[in-house]
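These notes are about the structure you will find just below.
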């Protein structure tokens, strides 16, 4: 068995995840057969499942990667910016793919208690990133001061969930900029 | 065949709809078998399907009735009040049942083009009720005047869809009052 450096392993893992993400995006979870995963990733099933136990593990790795990236974006740019990116690029393959994995995660949260427990940490990381950023924004004097951070965070999350639902229904979100401006200004200091 | 007055027919129809609504609420669309519909409604399948062609027609009649009622509530009390009622009574059988039929309608909108076309009028009636009420509120001087009614309406709809998603995920919505206050004040005249 050839020795592979940890760096190499990591880059191979990322390569597999990128291909798998594209394949799940294009065909959905059910439609992403092992054959299609092989074609999209450009590796044999042996090579793929050396790194990920099975298709389900591969899907979860994609979804976890998405969740980590989202927490990062929220921490840096805020939840409203995530919403703007989603609304502007709702027809891009990246967003379609991301949305597909979100919906599959939602489905599992409803139907699979074990998954729902395991996913708690991911949800918590994103929720915490939202609250941390709001706290920093308030310290910088950018936010309204008459409501607790928790209320502002839940308000943003409500709008975010509405947007995801709208995207999932295939609605046109191109004209949503003034609506997202309203969402943003509702948490900001006025005047 | 006995003659039945139109009033009697109408009251019988409403009786069937009430029982069917409770049955769909309790068992879901799939689980509401004809047997269970008979038990809940208290009439034989012959009597039920004299008024409604089949189970699907019965479900659609319940969903249409819900849509008409929602348009009425929106016209009289506004979309924010609909949201407050949903959040406050999210565990009541009425709301659970209503939500169940909403989710079944959403599923069909995604998967059934013919249904989606037929449902356009219902969606339009609710959307129009929202805009008409906002227009009246603006005329009464209660709303902010710097944004078009369309933007205010879409903002409320985004929050509404977020709430429905949250309810569908079984989330606790008891603490949402201050968040819904934020939603309402975002469309109102400030100061």
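Residue numbers (the UniProt record's numbering), protein chains in the order written: chain A, 1 to 191; chain W, 1 to 191. Think of the CB as a built atom: it goes at the ideal place given N, C-alpha and C, for glycine as much as any other residue. These numbers come from a predicted model, not from an experiment.
In chain W, what lies closer than 7 Å to residue i by C-beta?
i                     : result
residue 63 of chain A : Result: empty, since nearest Cβ-Cβ is about 16 Å, beyond 7 Å.
What are the boundary residues of the alpha helix (DSSP H) that residue i is part of?
i                      : result
residue 118 of chain W : 113 to 139
residue 57 of chain A  : 55 to 77
residue 163 of chain W : 149 to 168
residue 49 of chain W  : 45 to 51
residue 38 of chain W  : 34 to 41
Does the beta carbon of residue i come closer than 8 Å to any beta carbon on chain A?
i                      : result
residue 154 of chain W : yes
residue 70 of chain W  : no
residue 186 of chain W : yes
Identify the contact partners of residue i in chain A, using a Cβ-Cβ distance below 9 Å as the criterion.
i                      : result
residue 134 of chain W : Those within 9 Å of residue 134 of chain W in chain A number zero; the least Cβ separation is about 13 Å.
Report the neighbours of residue i on chain W: residues whose CB is nearer than 9 Å to its CB, in chain order.
i                      : result
residue 162 of chain A : 157, 158, 159, 160, 161, 162, 163, 164, 165
DSSP beta-bridge partners for residue i?
i                      : result
residue 188 of chain A : A/143
Name, please, each residue of chain W whose Cβ falls closer than 8 Å to the Cβ of residue i.
i                      : result
residue 190 of chain A : 190
residue 147 of chain A : 178, 182
Hey, would you say residue i sits closer than 8 Å to residue j, going by beta carbons?
i                      : j                      : result
residue 188 of chain A : residue 153 of chain A : no
residue 13 of chain A  : residue 97 of chain A  : no
residue 178 of chain A : residue 147 of chain W : yes
residue 86 of chain A  : residue 95 of chain A  : yes
residue 158 of chain A : residue 168 of chain W : no
residue 161 of chain A : residue 162 of chain W : yes
residue 23 of chain A  : residue 35 of chain A  : no
residue 52 of chain A  : residue 29 of chain A  : no
residue 66 of chain A  : residue 90 of chain A  : no
residue 62 of chain W  : residue 17 of chain W  : yes
residue 82 of chain A  : residue 73 of chain A  : yes
residue 151 of chain A : residue 182 of chain W : yes
residue 133 of chain W : residue 78 of chain W  : yes
residue 84 of chain W  : residue 180 of chain W : yes
residue 171 of chain A : residue 93 of chain A  : no
residue 173 of chain W : residue 165 of chain A : no
residue 71 of chain A  : residue 129 of chain A : yes
residue 64 of chain W  : residue 122 of chain W : yes
residue 80 of chain A  : residue 184 of chain A : yes
residue 138 of chain W : residue 145 of chain W : yes
Using a Cβ-Cβ cut-off of 8 Å, state whether residue i counts as contacting chain W.
i                      : result
residue 110 of chain A : yes
residue 178 of chain A : yes
Applying a beta-carbon distance threshold of less than 8 Å, which residues of chain A neighbour residue i?
i                      : result
residue 151 of chain W : 178, 179, 182
Under 7 Å from any heavy atom of the ligand ATP, does the C-beta of residue i make it?
i                     : result
residue 49 of chain W : Summarising the ligand content, the structure contains no ligands, and the ligand ATP is consequently not present.
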